[in-house]
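**Q** Plus 355 on top of the position in the sequence shown (first one is 1) and you've got the numbering used here. Backbone N, C-alpha and C define an ideal beta-carbon position, used for all residues, glycine too. Got a structure here, written out as structure tokens. Questions coming.
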Amino acid sequence: VILGSRVGFVAIQLLCLAAYGFVMYRARSVNDRTPVLVQKKASPFAAATGDAPATTWENIRSSAYDYNAAMALVKNVLIGSAITGFIHYKWGYVPPLIIQGLMNPITFISHPLFSIYFLGKPADGELKRPFAEENPAAMFGMGEKKEDAPPSSSTDNKVTDESAKPVAAEEAKKEDKKTQ
Numbered sequence: 356v357i358l359g360s361r362v363g364f365v366a367i368q369l370l371c372l373a374a375y376g377f378v379m380y381r382a383r384s385v386n387d388r389t390p391v392l393v394q395k396k397a398s399p400f401a402a403a404t405g406d407a408p409a410t411t412w413e414n415i416r417s418s419a420y421d422y423n424a425a426m427a428l429v430k431n432v433l434i435g436s437a438i439t440g441f442i443h444y445k446w447g448y449v450p451p452l453i454i455q456g457l458m459n460p461i462t463f464i465s466h467p468l469f470s471i472y473f474l475g476k477p478a479d480g481e482l483k484r485p486f487a488e489e490n491p492a493a494m495f496g497m498g499e500k501k502e503d504a505p506p507s508s509s510t511d512n513k514v515t516d517e518s519a520k521p522v523a524a525e526e527a528k529k530e531d532k533k534t535q
């Protein structure tokens with residue numbers, strides 16, 4: 356039972372990594388240049404330095420967005436596998452191997468990248484980029500899906516939220532002075 360669990364766990368993790376690699380390869384080879392407006396993540400050290408992180412948005416290509424999403428999933432598989440492997444090695448627990456072996460394929464199949472690249476569905480409706488990020492606490496009824504709506508005007512590459520409007524206004528004044 357233990358040997359079968361180990362072999363199954365490793366095989367499933369390798370299959371998931373191969374599937375994510377295929378998605379990353381396809382995202383690069385398709386080279387879809389459709390712009391996607393995504394929220395830039397603030398530096399985790401910004402709060403420690405006292406900088407108030409403003410929500411900023413940027414346009415990136417769909418293929419780059421898909422590649423980055425697949426890379427994030429690869430990191431999740433690797434980190435989860437390392438933690439699960441450590442727990443199994445250190446304490447000999449088998450259930451984490453089975454649970455992780457089931458959860459990674461379920462995560463992949465339920466992700467929009469699977470529908471787009473494996474099933475060939477168009478990227479509209481629920482598959483529209485940027486994909487809605489799941490809040491892990493929502494699974495237990497403690498939170499809701501995280502959905503930050505992008506700004507309505509996407510004419511500029513970087514748009515700031517309400518808290519950053521004074522900064523944006525000052526930059527606009529500087530630009531006006533330079534052009535005069």
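Please report the distance separating the alpha-carbon of ILE454 from that of GLU413.
**A** Spanning the two alpha carbons is a distance of roughly 37 Å.
**Q** Using only CA atoms, which one of VAL365, PHE469 and ALA419 lies nearest to SER436?
**A** It is VAL365 whose Cα lies nearest to the Cα of SER436.
**Q** Out of GLN368, LEU358, SER360 and GLY359, which has the shortest C-alpha to C-alpha gap to PHE462?
**A** Looking at the sequence provided, one finds Thr at residue 462 rather than Phe. Closest by alpha carbon: GLN368.
**Q** Would the segment 385–393 and the segment 411–428 be scored as touching if the rule is three or more Cβ pairs under 8 Å?
**A** Yes, they touch.
**Q** Helix, strand or coil for ASN459? Go by DSSP, reduced to three states.
**A** Note: ASN459 maps to helix in three-state DSSP.
**Q** Give every residue of the same chain whose Cβ lies closer than 7 Å to the Cβ of LEU452, excluding the five residues on either side of it in the sequence, and list them in chain order.
**A** Taken in chain order, the residues that qualify are SER360, ARG361, PHE364, THR439 and HIS443.
**Q** What is the DSSP secondary structure of ARG383, counted as helix, strand or coil?
**A** Three-state result, ARG383: helix.
**Q** At 4 residues or longer, what runs of the alpha helix (DSSP H) sit wholly inside the segment 410–480?
**A** Within the segment 410–480, the complete alpha helix (DSSP H) runs of at least 4 residues are 417–446, 450–465 and 467–472.
**Q** Roughly how many angstroms separate the alpha carbons of GLY475 and LYS445, rounded to a whole number?
**A** Distance between the alpha carbons of GLY475 and LYS445 is about 42 Å.
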